[in-house]
Every structure is written in structure tokens, then in C-alpha cells.
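Encoded as C-alpha cells, the structure appears first; notes follow it.
Protein chains: 2
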Amino acid sequence: MVQFRAATRADVPAILRLLADDDVSRERDGVAPEGKDERDGVVPEGDDERDGVVPEGEDASYWAAFEAIDADPRNELIVAEEDGAVVGTCQLTFTPSLSRRGAERMTIEAVRVRGDLRGRGVGRAMMLWALARARERGCRLAQLTTDKRRTDAHRFYESLGFVASHVGMKLALET
Amino acid sequence: MVQFRAATRADVPAILRLLADDDVSRERDGVAPEGKDERDGVVPEGDDERDGVVPEGEDASYWAAFEAIDADPRNELIVAEEDGAVVGTCQLTFTPSLSRRGAERMTIEAVRVRGDLRGRGVGRAMMLWALARARERGCRLAQLTTDKRRTDAHRFYESLGFVASHVGMKLALET
Chain A
66 MVQFRAATRA DVPAILRLLA DDDVSRERDG VAPEGKDERD GVVPEGDDER DGVVPEGEDA
126 SYWAAFEAID ADPRNELIVA EEDGAVVGTC QLTFTPSLSR RGAERMTIEA VRVRGDLRGR
186 GVGRAMMLWA LARARERGCR LAQLTTDKRR TDAHRFYESL GFVASHVGMK LALET
Chain B
66 MVQFRAATRA DVPAILRLLA DDDVSRERDG VAPEGKDERD GVVPEGDDER DGVVPEGEDA
126 SYWAAFEAID ADPRNELIVA EEDGAVVGTC QLTFTPSLSR RGAERMTIEA VRVRGDLRGR
186 GVGRAMMLWA LARARERGCR LAQLTTDKRR TDAHRFYESL GFVASHVGMK LALET
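Here the protein sequences line up with chains A and B, keeping their order.
Every number in my numbering is 65 more than the matching position in the first sequence, counting from 1.
Every number in my numbering is 65 more than the matching position in the second sequence, counting from 1.
Now the structure itself:
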């Protein structure tokens, strides 16, 4: 039985492993993972793949990021837990707006399910949980972006009611 | 000379008019505005068009939304001002993340330029200002979504360095 809850500090290493897991498969294949990695339709969002691994000496920035998310009432880092193990994660951001009669919108980022558990409905259950969370907060819109190449992911999200109405554009910033 | 700054309470009516302006043009044409409305490339993002007008009796929700944005250190409602008039707006959201070595990403929403001023570079100046703001905060990524039909907008954003790598998916939530 998979359960969903807000991540704690203790979950951070497992979450980073989930992020890194995809990183590895991408670097290995040179392209978006295909086949078994997409069975569940829940595949990593394109801009999140990099930097999933904790590099030496940079741990502090990850802990600071966790603390920032944890302290922000409009950001929720979620884990899916089964038999005491973290098997999935996503991040929910609630954005207030003057559009849509002042309601918040929910943006979903960094969706991951552990590689060996894909295809078992964990991703679907996690997205349904996230959408219920959005309704609970009174959001009128949920949104996400997914890499153009991940057609299985598009079908998965469409099966949940998402409409591929937009182009998602990204700009890497040198800092 | 156009200048950019955080919106104040006094700007809210002008911002709502900018949001509503597009609403009207869309309803009139039944499709995304073409021609002169897109000369500047800065056209409204697809999911923001609705509810730009303040309906009777619902003002309170708009003021509450403004207060929520204004009080949130990770949301910035921006106005472009020329000769004392609000001529453009956008909303910037800074999201902390465990990806990308813990850096924030900036999401740009609700981009608008006053209809009679499009094609004069206001939108470009506003986006460059927003990207400078992102760099100042140490963001490693800027992102936005734009309606699939707005091909002029895609070219505009690409000219600023954005890459159309993703599909933007939206799900309207009944509440």
C-alpha cells in the first residue's frame, strides 16, 4: 500500500537518489529513456534531470534547498512511501494569481517513481493524490511541463485529464 | 522610457484591465489574436485569459490574491510603467528545488503589454528585465508556457534564448 506525505529531512537522500536514477539512465542512453522506464508514464520532467546527484562538497546547497521548500507554505515536497521505503516523489508549487478570480494554481515538478517499481500505478496514484491536494486548496488549475520526446508521459497525463495546450519553454541561465 | 518595478495595490485595477484586454480580444475573435496584437511577440499565456475582468461582488478575492503575492518573497508581480501609466505586467515565481544543485528556478506567467503599445519593444525590455532579476537571485533556469497556437510568441521567446523543449499540460479543476 503506497502512502503519500510531505517529505522530511530524513527523506532527502532517497529523493536525491530518485533524481539521480534518471540522470544516470539519460547519460547512459544519450536520449530520454524509452521502454520499461516509461511503462508507468511517469517519467522525469525534462529540465530536472541534471544535477540529481549530490556532488562532493555541495551537500549544503541541497539541505538549504530542502529547508527552503519545507518552510514555504506554497511549496510541498511529496514522497510516496511503501513498506517504509521512499518509492516516488514530486514537488507541488501553489502560485497565487490575479487571474482565475484570485485562485491559486498548482504546478507539479520533479515527478519520479523508483525505476524498478514503474508500471504498477504508483505514478497514477501519486498524481491523483496531488490533484486532490490541489482541489483541497481551492486551486482552479493544475499544470506541468514534460519533455517533448516523452510521448508515453503525454498519454499518461492526458489519461488524467491534462490537455497539451501549451509549449513549454526553458532558458538555462549562466550564473 | 519604460521602467519596471514591483506592483503596488494602486496598480491592481490597471493590471486587471491588461488581463481583461486580452480576454476581450479572444472572445471577440474566438481564437488567439493574430496580426497587430502579436507584433511584439508578447501575447498573453493561454491559461490566463479567463476571468481577467473583475466580476461584481468578487473584488475581495482579487485583493486577497494581490496581498498573497505581495507578501510572498517568492512571488513578484511586476509592472512596466511609462509616463506614469502601467503599460505591461508579468508575474515571476521563484521555486526552490532539490534539482539543479538547490538553485531556484524562475517561472514567468501572465505576461501582458497594453494593446496599443505592442510592437515597440516593451515586451522584450520586460523579459530582459525579468531574466536579469532571475540571474540576480541566482536562478539557473527560467521557464514559461505559451499557447501552442501563438507561433509569433514562440519566435519572440526563442529570440530571447528560450528553447521549446517541453509540452505544457494544463488541467482545469472543478471546485
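Where is the CB? At the ideal position from N, CA and C, for every residue including glycine.
So, at 6 Å on beta carbons, what are the nonlocal neighbours of SER164(A) in its own chain, with the 5 sequence-adjacent residues on each side left out?
none
Give me the subset of the stretch 134 to 163 of chain B whose CB atoms are less than 8 Å from a CB atom of chain D, sorted by chain position.
In the structure shown, chain D cannot be found, because the protein chains are A and B.
Rounded to a whole number of angstroms, what is the C-alpha to C-alpha distance between ALA75(A) and THR154(A)?
14 Å
Limits of the beta strand (DSSP E) - the one that VAL187(B) falls within:
Run containing VAL187(B): none in the beta strand (DSSP E); it sits in the alpha helix (DSSP H), 187 to 202.
Do MET234(A) and TYR127(B) have their beta-carbon atoms positioned less than 9 Å apart in this structure?
no
So, at 7 Å on beta carbons, what are the nonlocal neighbours of PRO161(B) in its own chain, with the 5 sequence-adjacent residues on each side left out?
GLU169
Just how far apart, CA to CA, sit ILE143(A) and LYS213(B)?
30 Å
Cα-Cα separation, LEU182(B) to VAL228(A):
32 Å
Helix, strand or coil: how does DSSP classify GLU99(A) here?
For GLU99(A), the predicted structure reports a pLDDT of 36, less than 50, and the residue's modelled location is therefore unreliable. The matter cannot be settled from this model.
What number of angstroms, rounded off, separates the C-alpha of HIS219(B) from the C-alpha of THR211(B)?
7 Å
In chain A, which residues lie less than 9 Å from ASP87(B) when you measure between Cβ atoms?
Result: empty, since nearest Cβ-Cβ is about 10 Å, beyond 9 Å.
Taking 9 Å as the cut-off, decide whether the C-beta atoms of SER209(A) and ILE173(A) are in contact.
Reading off the sequence, residue 209(A) comes out as Leu, not Ser. Taking 9 Å as the Cβ cut-off, LEU209(A) and ILE173(A) qualify as a contacting pair.
Verify whether the separation of the beta carbon atoms of ALA190(B) and ALA79(B) is less than 9 Å.
no
Pick out whichever of PRO138(B), GLY167(B), ALA129(B), GLY226(B) has its Cα sitting closest to the Cα of ALA129(A).
GLY167(B)
Where does GLY203(B) land, buried or exposed, given buried means 16+ other C-beta within 10 angstroms?
exposed
Would you verify that the beta carbon of ASP200(A) is, or is not, closer than 9 Å to some beta carbon of chain B?
In the sequence as presented, Asp is not what sits at residue 200(A); that position holds Arg. Closer than 9 Å: yes.
Distance check for GLY188(A) and LEU193(B), CA to CA, integer angstroms please.
37 Å
Taking the alpha carbon of THR216(A) as the reference point, which residue from HIS231(B), GLY226(B), LEU225(B), GLY180(B) has its own alpha carbon closest?
HIS231(B)
Residue from SER224(B), ASN140(B), GLU147(B), LEU236(B) with nearest C-alpha to ARG200(A)
LEU236(B)
CB contact flag (GLU141(A), VAL67(A), <9 Å):
no
As assigned by DSSP and simplified to three states, the class of LEU83(A):
helix
Return yes when at least one heavy atom of the ligand FMN lies under 8 Å from the C-beta of CYS155(A), else no.
The model on display carries no ligand, and the ligand FMN is accordingly not part of it.
Measuring CB to CB, does ARG179(B) end up less than 9 Å from LEU81(B)?
no
Nearest to ALA85(A) by alpha carbon, out of LEU238(A), LEU225(A), GLY226(A), ARG177(A)?
ARG177(A)
By the three-class DSSP mapping on this structure, what secondary structure does ASP116(B) have?
Model confidence at ASP116(B) stands at a pLDDT of 43, short of 50, so the residue's coordinates are unreliable; what they give is reported in the following sentence. Correct three-state label for ASP116(B): coil.
Which chain A residues are close to GLY226(B), counting only those with a beta carbon under 8 Å from its beta carbon?
LEU236
At 3 residues or longer, what runs of the beta strand (DSSP E) sit wholly inside the stretch 206 to 238 of chain B?
206 to 212, 228 to 237
Residue-level contact to chain A via CB, LEU196(B), 9 Å cutoff:
yes
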